[in-house]
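Visitor: In the working numbering, the protein residues as written are 660 to 900. Shown below is the structure under consideration.
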């Protein structure tokens, strides 16, 4: 092989490597049903939200592409461990159980559980004691920390787990339920949208929750890259909730 041929071969290999890196695509799982952090438009299928913007910025700044994969709260951890995607985003709360199954990012925000009720009824459900009373109808979405909080907290109220993330809001608005526990960021979002639903004492949540991104166990390099990037961006991107 001539010197020129060797040079051209080496150049081609370098170009192939550069193109492979540039084309690296992150498969990102998200539920798309949790405003304002992750929402999928029913018509276009496009994902939007605070956490969607965050992971897009990370990909852009580090020369990666993104492909979003829709998941659900009950199936999120199974989908992640079964390699349907490389990382998961969208209002995910840190739990010890999740940390056993996945790699966990630095905290991207803090939040806490609050009660969401029909506007005008906040004083009726001002405390956990008032909520946890016979005849009070509490509704939750399945498979996440809302359901866990309600199950571990309530002893006397009537708890119903509905089929998806949207159903509890419909039940509250239609008068078929009285209270939902959810994260403050979601409760305040619903209140700002003039849905007729209001957060109860959002400045005094019942819990303190770390919101994080999750990474598949074999994606340590990706987790570390995100954490390094996040440390340079967190002050500019988010005000702690």
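Note that beta-carbon positions come from the ideal geometry of N, C-alpha and C, so glycine has one too.
Is there contact between the region 825–836 and the region 794–803, where contact requires at least three CB pairs shorter than 8 Å?
Guide: With a cut-off of 8 Å, the region 794–803 and the region 825–836 count as touching, because enough Cβ pairs lie within range.
Visitor: Our contact map puts residue 762 next to residue 726 with C-beta atoms below 8 Å; I'd like the distance itself, whole angstroms only.
Guide: No, residue 762 and residue 726 are not in contact; Cβ-Cβ is about 20 Å, not under 8 Å.
Visitor: Would you call the CB atoms of residue 863 and residue 766 closer than 8 Å?
Guide: no
Visitor: Pick from 884, 779, 878, 713: whose alpha carbon is nearest that of residue 832?
Guide: 779
Visitor: Exposed or buried, which one is residue 699 when buried takes at least 16 other CB atoms within 10 Å?
Guide: buried
Visitor: Check whether the region 706–723 touches the region 687–695, taking contact to mean three or more Cβ pairs, one atom from each stretch, closer than 8 Å.
Guide: yes
Visitor: With a CB to CB cut of under 8 Å and the five nearest residues on each side skipped, what residues in its chain are close to residue 787?
Guide: 812, 865
Visitor: Identify every run of the beta strand (DSSP E) within the region 684–711, keeping only runs that are complete inside it and at least 3 residues long; order them along the chain.
Guide: 684–689, 697–699
Visitor: Locate the beta strand (DSSP E) running through residue 777, then write down its first and last residues.
Guide: 772–777
Visitor: Taking only three categories from DSSP, how would you classify residue 870?
Guide: strand
Visitor: Can you grab the Cα-Cα spacing for the pair residue 741 / residue 874, in whole Å?
Guide: 12 Å
Visitor: By Cβ distance, which residues of its chain are closer than 8 Å to residue 693, with the 5 residues on each side in sequence left out?
Guide: If we look at residue 693 and ignore the five residues flanking it on each side, its Cβ neighbours are 708, 749, 750, 824, 845.
Visitor: Excluding the five sequence neighbours on either side, which residues of its own chain have a C-beta within less than 7 Å of the C-beta of residue 738, listed in chain order?
Guide: 688, 730, 744
Visitor: Do you know whose CA, among 809, 768, 775, 735, lies nearest residue 634's CA?
Guide: The structure shown does not extend to residue 634, since the chain is modelled only from 660 through 900, so no value can be given for it.
Visitor: Can the beta-carbon of residue 856 be found less than 8 Å from the beta-carbon of residue 828?
Guide: yes
Visitor: Let me know the secondary structure DSSP gives residue 723 once reduced to three states.
Guide: coil
Visitor: Would DSSP call residue 736 helix, strand or coil?
Guide: helix
Visitor: By how many angstroms is the C-alpha of residue 784 removed from the C-alpha of residue 792?
Guide: 10 Å
Visitor: Does the beta-carbon of residue 876 have 16 or more other beta-carbons within 10 angstroms, so that it is buried, or is it exposed?
Guide: exposed
Visitor: With distances taken between CB atoms, is the gap from residue 847 to residue 746 smaller than 8 Å?
Guide: no
Visitor: What does a CB cutoff of less than 7 Å around residue 814 pick up in its chain, not counting 5 residues either side in sequence?
Guide: 791
Visitor: Tell me which residues share the same chain as residue 868 and place their Cβ nearer than 6 Å to its Cβ, disregarding the 5 neighbours each side in the sequence.
Guide: The answer, listed in chain order, is 752, 770, 771.
Visitor: Tell me the DSSP bridge mates of residue 817?
Guide: According to DSSP, residue 817 bridges with 796.
Visitor: If you check the beta carbons only, do residue 719 and residue 684 fall under 8 Å apart?
Guide: no
Visitor: Can you check which of these residues, 759, 717, 854, 820, is closest to residue 840 by C-alpha distance?
Guide: Measuring from the Cα of residue 840, the nearest candidate turns out to be 820.
Visitor: Give the secondary structure of residue 789 by DSSP, where H, G and I count as helix, E and B as strand, and everything else as coil.
Guide: helix
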